[in-house]
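The structure appears right after this line, and notes come after that.
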Amino acid sequence: MSQKIVRVGDIECGSDELFLISGPCVIEDEKIMMTVAEQLREIQERVGIKIIYKSSFQKDNRSSLNYYNGPGLDKGMKILAKVKEQFGFPLLTDVHYPDQCAPAAEVVDVLQIPAYLCMQTMLVVAAAKTGKVVNVKHGQFLAPENMKHPVKKIEDSGNDQIILTERGFTFGYNDLVVDPRAFYHMARTNYPVVFDVTHAIRKYGIPSADAKGGAREYLPVLARAGVAAGVDGLFVETHTCPSEALCDAASQLDIRYLEEFLKPLLELHAVEVKYRNTLPELA
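Under our numbering, think of the first position of the sequence shown as 177, with each following residue one higher.
If you want it as structure tokens, here you go:
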């Protein structure tokens, strides 16, 4: 099965090299954003993994009007532009509405379609028509093989620069489960597949500011399972002090632990690459 390479900056997504999407869930104080970027650059240099810096200027799916939902498009883009200028990372951010796509594309390298919105045609098409890479997060409600539908909308809009991201399925009420078969089905599109491990541990219905709103103990086992299954990239939201984060406080990984978290994953990835083409198609 052929695999399309999608270039983001100097990163060849879909090659034999594992890449990382990482950064704070939502754009907060500029000092936090720059501190995380500086530490990510140090980790990139020491560990050798290439990084796409991710943070959202808006989080439009918060469960209460009282919760922080980001600085907005204009201020958010200015902060992300400073991150790129100072640290050289390619950038990724969410878009929620069609009219956000073009201005965000002036700054970032990847436009991300949130999971809840992956079937919203006008949004997906607007993102595609910017010509930027489009990262479509797998809707919690959608069978993984049906991700072919948003993929086709993007292709039919003249864009074949696509990444797909798995983040778990809704299982019963207020819980998510990661089914490794999703990695297989999404890879059948021939586009790179990313595993968003930090969103996969969220507990729906519990505010992310509550420690019970996430299950970090599952992060190592889920990440290792995804890498062993052959994903092309990992998505790990990080923060200098997750308990004080303004969004997804219960699931972001403390950046102090990120380097050690990544080391076994890179070794597992090397083993998976070595053996990925040794079995025939078993279906």
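Glycine included, C-beta positions come from ideal geometry on N, C-alpha and C.
Inter-residue spacing [alpha-carbon to alpha-carbon] between residue i and residue j
i              : j              : result
methionine 177 : lysine 251     : Confidence at methionine 177 is low in this model, with a pLDDT of 41, below 50, so its placement is unreliable and the value that follows should be read with caution. Using only the alpha carbons, I get a separation of about 43 Å.
glutamate 342  : lysine 207     : 30 Å
histidine 325  : isoleucine 377 : 26 Å
leucine 429    : serine 333     : 36 Å
glutamate 204  : alanine 404    : 34 Å
aspartate 355  : proline 418    : 27 Å
leucine 340    : asparagine 242 : 31 Å
valine 259     : leucine 458    : 45 Å
alanine 281    : glutamate 393  : 36 Å
threonine 297  : lysine 329     : 7 Å
asparagine 335 : cysteine 277   : 14 Å
glycine 190    : alanine 446    : 14 Å
tyrosine 380   : aspartate 236  : 15 Å
glutamate 218  : methionine 209 : 15 Å
Burial state of residue i (16 or more Cβ within 10 Å)
i              : result
glycine 315    : buried
asparagine 350 : exposed
valine 397     : exposed
alanine 363    : buried
serine 427     : buried
alanine 213    : buried
proline 320    : buried
alanine 303    : buried
lysine 439     : exposed
serine 231     : buried
valine 412     : buried
glycine 464    : Outside the displayed span of the chain (177 to 459) sits residue 464, for which this structure offers no information.
threonine 306  : buried
proline 456    : exposed
alanine 387    : exposed
Beta-carbon gap between residue i and residue j smaller than 8 Å
i                 : j              : result
valine 248        : glutamine 262  : Checking the sequence shown, residue 248 turns out to be glycine, not valine. Cβ distance not < 8 Å, so glycine 248 and glutamine 262 don't count as in contact.
threonine 416     : threonine 269  : no
leucine 256       : glycine 409    : no
tyrosine 244      : glycine 199    : no
valine 327        : tyrosine 292   : no
alanine 117       : alanine 391    : Because the chain spans 177 through 459 in this model, residue 117 falls outside it and cannot be assessed.
leucine 441       : alanine 401    : no
isoleucine 187    : proline 266    : yes
isoleucine 338    : valine 312     : yes
isoleucine 225    : leucine 194    : yes
lysine 254        : aspartate 285  : no
leucine 444       : threonine 414  : no
glutamine 220     : isoleucine 431 : no
aspartate 275     : valine 449     : no
phenylalanine 371 : valine 407     : yes
is_contact[residue i, chain B] using C-beta, thresh 8 Å
i              : result
isoleucine 228 : Included in the structure is just one protein chain, with no chain B present.
Assumed close pair residue i, residue j - CB separation to whole angstroms, cut-off 8 Å
i                 : j            : result
leucine 395       : valine 373   : 6 Å
phenylalanine 359 : leucine 352  : Rounded, the Cβ-Cβ distance is 15 Å, inconsistent with contact.
valine 283        : cysteine 423 : With 8 Å as the limit, valine 283 and cysteine 423 do not qualify as a contact, their Cβ atoms being about 20 Å apart.
**Study point:** Unbroken stretches of the beta strand (DSSP E), 3 residues or longer, contained in the region 247-302
**Key:** 267-270 and 286-289
| request: Return the chain-ordered ranges of every alpha helix (DSSP H) run that is complete within the region 367-454 and spans a minimum of 4 residues. | output: 395-405 and 434-451
* Could you name each continuous alpha helix (DSSP H) segment of 4 residues or more that falls completely within the region 193-247, going from the start of the chain to the end? => 206-223
* 4 or more residues per run - each alpha helix (DSSP H) lying fully within the region 324-369 -> 324-332 and 357-363
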